[in-house]
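Trainee: Numbering (the working numbering), first residue to last: 8 to 145. Don't be surprised by glycine CBs; every beta carbon is placed ideally from N, CA and C. Predicted, not measured: the structure shown is a model, and the values here were computed from it. One structure, as structure tokens, below. Some questions next.
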């Protein structure tokens with residue numbers, strides 16, 4: 008998985024790493040001051056969170072498949088329910104299947120050192136095209 012992360016310039020810039028927690032893939036976004044979008048709170052920029060969640064979904068799909076092809080996002084939306092504070096943030100993605108399509112729904116798992124999650128997400132999901140989703144329309 009580190010080979011994939013090294014091939015994505017924005018993932019390298021963000022410093023995203025991957026860990027296994029109870030056998031599940033978990034992406035880690037280490038906090039850095041330059042990722043802050045609102046210095047008053049301070050809160051990580053929403054675009055950084057969006058990219059991090061999309062990356063998490065893609066990595067989860069790659070982890071579950073035997074294909075080397077990167078899934079292409081078809082649909083991705085996030086409802087930001089509260090800010091991600093100035094701390095390391097972790098995310099996981101759940102695999103789902105719609106007909107012959109496979110996709111992943113990312114969610115912020117928790118903030119390091121904080122109880123509970125950053126907030127529940129309402130993400131329609133990232134649906135994969137190609138070998139991961141043969142027969143998938145769209």
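Use the C-beta contact count for residue 28: other C-beta atoms within 10 angstroms, 16 or more gives buried, fewer gives exposed.
Mentor: Translated into the one-based positions of the chain shown, residue 28 becomes position 21. Classification for residue 28: exposed.
Trainee: Which residues mark the beginning and the end of the beta strand (DSSP E) in which residue 54 is found?
Mentor: Here residue 54 refers to the residue found at position 47 of the chain shown. Taken as a continuous stretch (DSSP letters only), residue 54 belongs to no beta strand (DSSP E), being part of the alpha helix (DSSP H) at 53-71.
Trainee: Sort out for me which residues DSSP pairs residue 102 with in a bridge.
Mentor: Here residue 102 refers to the residue found at position 95 of the chain shown. Paired residue(s): 111.
Trainee: Give the single residue among 104, 110, 100 whose Cα lies nearest to the Cα of residue 30.
Mentor: Within the chain shown, numbered from 1, the residue matching residue 30 stands at position 23. Closest by alpha carbon: 100.
Trainee: Opposite residue 92 in the DSSP bridges: which residues?
Mentor: As a first step, residue 92 is located in the chain shown; it is residue number 85 there, counting from the start. According to DSSP, residue 92 shares a beta bridge with 50.
Trainee: Closer than 8 angstroms is the cut-off here; do at least three beta carbon pairs connect the stretch 54-62 with the stretch 88-100?
Mentor: With three or more CB-CB distances shorter than 8 angstroms, the stretch 54-62 counts as touching the stretch 88-100.
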